[in-house]
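Here's the structure we're looking at; comments come further down.
There are 2 protein chains.
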Amino acid sequence: MLTFIGLGLYDKHDVSEKGLRLIRSADSVFLEGYTSRLMGTTREELEEYYQKPVRLLMRADVEQHPDELLDCAAKGNTVFLCAGDPMVSTTHADLRIRAAERGIPTAIIHGASIVSAVCGLAGLQNYRFGKSCSVPFPQGAWSPTSPLDVITGNRAQRLHTLVYLDIQDGRYMTVNEGIALLEAMAQKKQVTIPLYIGIARAGSDAPVVQAGSAGVLSSADFGLPLHILVVPGELHDMERQYLERFAGLC
Amino acid sequence: MLTFIGLGLYDKHDVSEKGLRLIRSADSVFLEGYTSRLMGTTREELEEYYQKPVRLLMRADVEQHPDELLDCAAKGNTVFLCAGDPMVSTTHADLRIRAAERGIPTAIIHGASIVSAVCGLAGLQNYRFGKSCSVPFPQGAWSPTSPLDVITGNRAQRLHTLVYLDIQDGRYMTVNEGIALLEAMAQKKQVTIPLYIGIARAGSDAPVVQAGSAGVLSSADFGLPLHILVVPGELHDMERQYLERFAGLC
Chain A
8 MLTFIGLGLY DKHDVSEKGL RLIRSADSVF LEGYTSRLMG TTREELEEYY
58 QKPVRLLMRA DVEQHPDELL DCAAKGNTVF LCAGDPMVST THADLRIRAA
108 ERGIPTAIIH GASIVSAVCG LAGLQNYRFG KSCSVPFPQG AWSPTSPLDV
158 ITGNRAQRLH TLVYLDIQDG RYMTVNEGIA LLEAMAQKKQ VTIPLYIGIA
208 RAGSDAPVVQ AGSAGVLSSA DFGLPLHILV VPGELHDMER QYLERFAGLC
Chain B
8 MLTFIGLGLY DKHDVSEKGL RLIRSADSVF LEGYTSRLMG TTREELEEYY
58 QKPVRLLMRA DVEQHPDELL DCAAKGNTVF LCAGDPMVST THADLRIRAA
108 ERGIPTAIIH GASIVSAVCG LAGLQNYRFG KSCSVPFPQG AWSPTSPLDV
158 ITGNRAQRLH TLVYLDIQDG RYMTVNEGIA LLEAMAQKKQ VTIPLYIGIA
208 RAGSDAPVVQ AGSAGVLSSA DFGLPLHILV VPGELHDMER QYLERFAGLC
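Chains A and B supply the protein sequences, listed in that same order.
Under our numbering, the first residue of the first sequence is numbered 8, with each subsequent residue one higher.
Under our numbering, the first residue of the second sequence is numbered 8, with each subsequent residue one higher.
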């Protein structure tokens, strides 16, 4: 049996009770360590908390050589842990398909995801979000403007955009870096983004949520990762009040 | 202090460990009972589980007369429980603003939400969803086609649509009813929706996920609530494989 368990947003206590019980009774525990991570804990702390070894998997272990993991799942109760809610991207969907092809039963235990958490943190209604996008770290001369196209497309429909910030080799893009990259794209395309919302450490005891123009947020210190951005479309009255009250919108 | 706690998707074990600890140590516990509900438990069972009284709040208690709740929060640790992740709609954003106006500190403990759970259940990538919509129960002669407009707008951009099904006075719209209403709108507007994905009891041990045409799904029995629909846009190869494997897509 292979059970995908979402650990939620920030630390070892964000897993659901149901998930924790399954982890504690599992024969093998694997932790996915390449799409995101829980910033409020470490593998070592999870091992102590679960009272069992936690094997860290990098991308190649899952996407190219999943056999060891699937062998475990064929023999006993195996759990595959990841930050947030499992399979928000299809990265792990492939693993579930491979398990099924080998006749291994699978299940999903859901966890809190940034996808819905931004709504409460920023007071923005879920049904007013359009398609989301990601800002990648620049790679040499490659500088796509596709994230900006998603944002302007959504804004034309008065919709908000959730903007994922890149994670690469232990480097986490900050709100400030994300805004600088988007502003460069906006300048190239002669587009103006009047308002950003920067969010840091969602799910922790001290999340930071700050709304303002690129100028205002560029000098703000959001502190430790993970960071994420929202570019709002037209704000409803309640959304504006919420941002004024909880995110310093002037 | 007023802490909004998301209970997750289905039963009493879907709350995060962090949330459960706060509930057990709270001075007052309120449960929001009008936007959604956990189908796998009851208020009585939650009271037994938390070992304390749980007061059920209906819409008027929160939106028109929140004073009793806010009085409790001004005096002690008060938790406000809801299904899913708090404030995915702005219904409760207003309550957080009112608390802040009275100088009451607030916090959010996130829970698993259907917004992200559909990705894992149906194998659809989060960033390929457009704006979501809701299908309301018909009210007399009033029959809006706005949900269909959202779906066709998303499909024109090759995006998926999450379609919330109405909940009213203890009546839960089924996948079959939702599809019938959408098909009536589609007929009126001469639009064809080739594929639906019906999902029932997300977060339970036995969720049902079934993909197919309106004809195929109309006769399918999705069982007990809650139900939700997804209308996919263009499917990527991995998404199609996943639906074939886990949702009976032919």
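Here a beta-carbon is modelled for each residue, glycine too, at the ideal position from N, C-alpha and C.
| Asked | Found |
| --- | --- |
| Reduced DSSP secondary structure (H/G/I, E/B, other) of Cys126 of chain B | helix |
| Neighbour flag for Ala33 of chain A against chain B, beta carbons, 9 Å | no |
| Same chain, Cβ closer than 7 Å to Leu128 of chain B, neighbours up to 5 away in sequence not counted | Ile206, Ala209, Pro214 and Val216 |
| First and last residue of the uninterrupted beta strand (DSSP E) at Gln217 of chain A | Val215 to Gly219 |
| From B:Lys25, B:Leu233 and B:Glu246, residue whose alpha carbon lies closest to that of Gly116 of chain B | The sequence shown places Ile at residue 116 of chain B, rather than the Gly named in the question. Nearest option by C-alpha distance: B:Lys25. |
| Test item: CB-CB of Ser35 of chain B and Cys79 of chain B under 9 Å | yes |
| Cα-Cα separation, Thr159 of chain B to Arg252 of chain A | 36 Å |
| Selection from A:Gln194, A:Leu233, A:Ala193 and A:Asn183 that minimises the alpha carbon distance to Ala218 of chain A | A:Asn183 |
| Distance between beta carbons of Leu233 of chain A and Met46 of chain A, contact taken as under 8 Å | 6 Å |
| DSSP-derived helix/strand/coil call for Phe87 of chain A | strand |
| Minimum C-alpha distance to Val238 of chain A - residue among A:Tyr249, A:Ala119 and A:Ser220 | A:Ser220 |
| Exposure label - Gly147 of chain B; buried when at least 16 CB within 10 Å | exposed |
| Euclidean distance between Cα positions of Asp68 of chain B and Ile186 of chain A | 41 Å |
| With 16 other Cβ atoms within 10 Å as the buried cut-off, status of Glu246 of chain A | buried |
| Where Leu16 of chain B falls: helix, strand or coil (DSSP) | coil |
| Proximal residues, the segment 127 to 148 of chain A versus chain B, C-beta separation under 9 Å | Gly127, Leu128, Gly130, Leu131, Gln132, Asn133, Tyr134, Arg135, Phe136, Gly137, Lys138, Ser139, Cys140 and Ser141 |
| Chain A contact for Ile174 of chain B (CB, 9 Å cutoff) | no |
| Separation of Glu54 of chain A from Pro60 of chain A, as counted between CA atoms | 5 Å |
| C-alpha gap between Ala107 of chain A and Val86 of chain A, whole angstroms | 15 Å |
| Interface partners of Asp43 of chain B on chain A, CB under 7 Å | A small fix is needed here, since residue 43 of chain B is Ser in this sequence, not Asp. Chain A residues near Ser43 of chain B: none, gap ~13 Å exceeds 7 Å. |
| Chain A within 9 Å of Glu246 of chain B, Cβ atoms only | yes |
| Partners in chain B for Ala107 of chain A, counting only beta-carbon separations shorter than 8 Å | Arg252 and Phe253 |
| Which of helix, strand or coil DSSP assigns to Val170 of chain A | strand |
| Alpha carbon of Glu70 of chain B to alpha carbon of Asp176 of chain A, nearest angstrom | 47 Å |
| Start-end ranges of the alpha helix (DSSP H) lying completely within the segment 61 to 116 of chain B, minimum 4 residues | 66 to 70, 74 to 82 and 100 to 108 |
| Closer than 9 Å to chain A by CB, Tyr249 of chain B | yes |
| Amino acids of chain A, ordered along the chain, whose beta-carbon sits closer than 7 Å to that of Pro93 of chain B | Gly127 |
| Beta strand (DSSP E) runs contained entirely in the segment 183 to 209 of chain A, provided each spans 3 or more residues | 203 to 207 |
| 9 Å Cβ cut-off: residues of chain A touching Tyr119 of chain B | The question names Tyr, but residue 119 of chain B is Ala in the sequence shown. By Cβ distance, chain A contributes Gly13, Gly15, Ser23, Asp92, Ile116, His117, Gly118, Ala119, Ser120 and Ser123. |
| Cutoff 9 Å: Leu224 of chain A Cβ touching any chain B Cβ | no |
| Interface flag, Asp74 of chain A vs chain B, CB-CB below 9 Å | no |
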